[in-house]
Amino acid sequence: MPGFVIDAQSIEKSFGTLKAVDGVSLQVKPGECFGILGPNGAGKTTTIKMLHGAVESDAGSLRVLGRDVATQSRLIRAQMGIVSQEDTLDRDLTVYENLWVYAGFFSISKKASLTRIEYLLDFMQLREKWDSQIKTLSGGMKRRLHIARALIHEPKFLILDEPTTGLDPQARHLVWQRLRELKAQGLTILLTTHYMEEAAQMCDRIGIMDGGKFLVEGPPQTLVQEKVGDEVYELKGGASIEFLDSLQDLSVTTEIVADILYLYSRNGMGIMEHLISRGRKDFLRRPATLEDLFLKLTGRELRD
Amino acid sequence: MMLFPQAPSHRAFRVWVRHLVYYRSFYLAEWAGNLGEHILWLVAFGYGLGRLVPNLDGISYAQFIGPGLMVSVAMWNATYESTYGAYSRMRIQNVYESMLMAPLTVGDIVLGDLLWCASRALIGSTLMLVVLSLFGLVGSLWAVAILPILFIEAVMFAALGLIATSLAHSFSFFNFYFSAIVMPMFFFAGTLFPIKGLPIWVERLSEALPLTHAVRISRGLFIYGHVENFIWHFSFLLGFTFLFLTVACVLVSRRMVE
């Protein structure tokens, strides 16, 4: 096994005048879980599609599982599972047929695939849907079937593009739980998501992407600590200039969004006392999160 | 492998299997429909219209169109499956996309699709053969030899259909494809009426159509048990099959890999 599952060096991709991926470098080790976060249009999906050869890179070098994607993507795909963002289940086939036919694409024998299908349908809690048509499945079931299909050949590496988008909370939790189990089994995982909390829990490292490149990359807790701080105080109802001035002695950074004043603190000492002494008791005190970092780096304006 | 990362391989068979699995769910209805349609064509044209047509070179009109219908059934089947069917798999249902996430190449997918289109066409033609023999319109046992040739013909028309599919941006493009390519092919290949005696430019056009050569082989086998200039007609079919196959692979690649 070579050193890295993904080894991307300054890869680029343009569509016409739009530079979708603009010099991304990324290295992922075996057994690691890496999360790509970013607003819509940041280049996440294009990056993912480049990893399995569905989008060809214009520049840079890209090796996955030790092989060059440009020339050996077929061999790479033989060892890699892919869960795309859009529904690519075969609507002409039943649940079982979907998995059985797909196992054939990996040249898995009929007998071996049967055992594997039974295991995966149990694992994804789809056993009773064995014979169902795809159109009768809920969104959560479809996504679970997608994941089961991507695991049919016991891949070394799993890619998931927004695996929980559009699912209800129950379905979402089940998917994240299964992904954590897979990670615990040693599977290397790369995923994109808009769910910061889950990403922070699950990923060893995350990268925040915007404008086709990574803005930061590292372990989520470390990044939050370094770039945002430990704690956030949210004060509703705005603040006077005089009040803002009074904060200058404290080691906080401030941000005003609409009618909320955010105080980002690094050590938290004395802030609460200061607020109370100023008669501001209407604040919310919470730990700094990945979402704070995300918004700080990518801004708050809408992106679709 | 390095030079042609999208080249086809034995894995095309797995793509063919996918289509077969789907086919299992509706084939009986299709067979019944095919049989009915074949009989209708034969009765309406062969015997209905045929009453007005004098004997052609000593054979009845029904005998004349039988072999022509055999090869055109293959063309129509292959064309429908490779246009409406393939477009739906490629653009609507993302079936191709899911295959490209497995270790298949565009070449595998194209070849698997073409073999499937040809298989379906072969089934349709075989049903036609059954109908023709029930009506006593098969003059030679050599007629059975048309089946492998129909398979090649069907691969050729499926490849041509797939070229149209890779250029199409919606289903309505196929209206154009059918009226500009498939219908003229059907009418001017000598399927329903002899081309000899028509204006010289029609004769020349007809000679350039691949279907014409399939019709010649078919009629020879069905009525006389031998084909004049077989090598020439067969090479013509084979040449166009390879040409269309190559172009289809290139165009589908361009459509699938950005």
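Protein chains in written order, with our numbering: chain A, 6 to 309; chain B, 79 to 336.
Even for Gly, the Cβ is constructed at its ideal location relative to N, Cα and C.
Quick one: using the 10 Å Cβ neighbour count with 16 as the cut-off for buried, is Trp194 of chain B buried or exposed?
Counted from its first residue, the second sequence places residue 194 of chain B at position 116. Buried.
Per DSSP, what are the beta-bridge partners of Phe311 of chain A in this structure?
The question about residue 311 of chain A has no answer, for chain A in this structure spans 6 to 309.
Is Gln141 of chain B close to chain A, meaning its C-beta is less than 8 Å from at least one C-beta of that chain?
For the purposes of this step, residue 141 of chain B is taken as the residue at position 63 of the second sequence. By this cut-off, Gln141 of chain B is not an interface position.
Three or more C-beta pairs under 8 Å: does that hold for the stretch 203-213 of chain B against the stretch 177-184 of chain B?
Touching, no, given that fewer than three Cβ pairs across the two stretches are closer than 8 Å.
Under 8 Å, Cβ to Cβ, is there at least one residue of chain A near Pro181 of chain B?
What you label residue 181 of chain B is simply residue 103 of the second sequence in a count that begins at 1. Pro181 of chain B counts as touching chain A.
Quick check on this structure: which residue in A:Gln138, A:Arg290, A:Thr22, A:Lys301 has the alpha carbon closest to the alpha carbon of Glu236 of chain A?
As a working note, residue 236 of chain A is residue 231 in the first sequence. For Glu236 of chain A, the nearest C-alpha among the options comes from A:Arg290.
Could you tell me if Leu311 of chain A is buried or exposed, where buried requires 16 or more neighbouring beta carbons within 10 angstroms of its beta carbon?
This structure cannot speak to residue 311 of chain A, because chain A is shown only from 6 to 309.
At which residues does the alpha helix (DSSP H) containing Ile281 of chain A begin and terminate?
Numbered from its first residue, the first sequence carries residue 281 of chain A at position 276. 276-282 is the extent of the alpha helix (DSSP H) around Ile281 of chain A.
With a CB to CB cut of under 7 Å and the five nearest residues on each side skipped, what residues in its chain are close to Val233 of chain A?
Here residue 233 of chain A refers to the residue found at position 228 when the first sequence is read from its first residue. Result list for Val233 of chain A: Tyr269, Ala293, Asp297, Leu298, Lys301, in chain order.
Classify Gln253 of chain A: buried if its beta carbon has 16 or more other beta carbons within 10 angstroms, exposed otherwise.
Counting from one through the first sequence, the residue named residue 253 of chain A turns up at place 248. So Gln253 of chain A ends up on the exposed side.
Any idea what DSSP makes of Gly234 of chain A, helix, strand or coil?
What you label residue 234 of chain A is simply residue 229 of the first sequence in a count that begins at 1. Correct three-state label for Gly234 of chain A: coil.
For Arg96 of chain A, name the three-state secondary structure that DSSP assigns.
Taking the first residue of the first sequence as 1, we reach residue 96 of chain A at position 91. In this structure, Arg96 of chain A counts as coil in the three-state DSSP scheme.
Contact check, Glu122 of chain A vs Leu104 of chain A under 8 Å by CB: the rounded distance?
On the first sequence, residue 122 of chain A is found 117 positions in, with the first residue counted as 1. On the first sequence, residue 104 of chain A is found 99 positions in, with the first residue counted as 1. Correcting the residue type first, residue 122 of chain A is Ile in the shown sequence and not Glu. Confirmed, about 5 Å.
Return the CA-CA distance between Ser176 of chain B and Leu94 of chain A, expressed in angstroms with no decimal places.
By one-based count along the second sequence, residue 176 of chain B stands at place 98. By one-based count along the first sequence, residue 94 of chain A stands at place 89. Spanning the two alpha carbons is a distance of roughly 7 Å.
If contact means a Cβ-Cβ distance below 8 Å, which residues of the stretch 79-97 of chain A contact chain B?
Per Cβ criterion, the list reads Arg79, Leu80, Arg82, Ala83, Ile87, Ser89, Glu91, Asp92, Thr93, Leu94, Asp95, Arg96, Asp97.
Distance, Cα to Cα, Pro288 of chain B vs His97 of chain B?
What you label residue 288 of chain B is simply residue 210 of the second sequence in a count that begins at 1. What you label residue 97 of chain B is simply residue 19 of the second sequence in a count that begins at 1. Answer to the nearest angstrom: the Cα atoms are 27 Å apart.
Identify every run of the beta strand (DSSP E) within the stretch 241-270 of chain A, keeping only runs that are complete inside it and at least 3 residues long; order them along the chain.
Within the stretch 241-270 of chain A, the complete beta strand (DSSP E) runs of at least 3 residues are 257-262, 265-270.
Would Met177 of chain B count as contacting chain A if we go by Cβ distances under 8 Å?
Here residue 177 of chain B is taken as the residue at index 99 of the second sequence, counted from 1. Closer than 8 Å: yes.
Which residues in chain B sit within 8 Å of Glu61 of chain A, going by Cβ to Cβ distance?
Position 56 of the first sequence, counting from 1, holds the residue named residue 61 of chain A. In chain order: Val335, Glu336.
Can you tell me whether Asn112 of chain B is buried or exposed, with buried defined as 16 or more other CB within 10 angstroms of its CB?
Locating residue 112 of chain B in the second sequence gives position 34, where the first residue counts as 1. Asn112 of chain B comes out buried.
So if I threshold CB-CB distances at 7 Å, which residues from the stretch 106-118 of chain B count as touching chain E?
Here the protein chains are A and B, and chain E is not one of them.
Going by other Cβ atoms of all chains shown within 10 Å of its Cβ, with 16 needed for buried, is Met79 of chain B buried or exposed?
Mapped onto the second sequence, residue 79 of chain B falls at position 1. Reliability fails at Met79 of chain B, whose pLDDT of 37 lies under 50, so the model's placement of it is uncertain and the value that follows must be treated cautiously. The residue is exposed, with fewer than 16 neighbouring Cβ atoms inside 10 Å.
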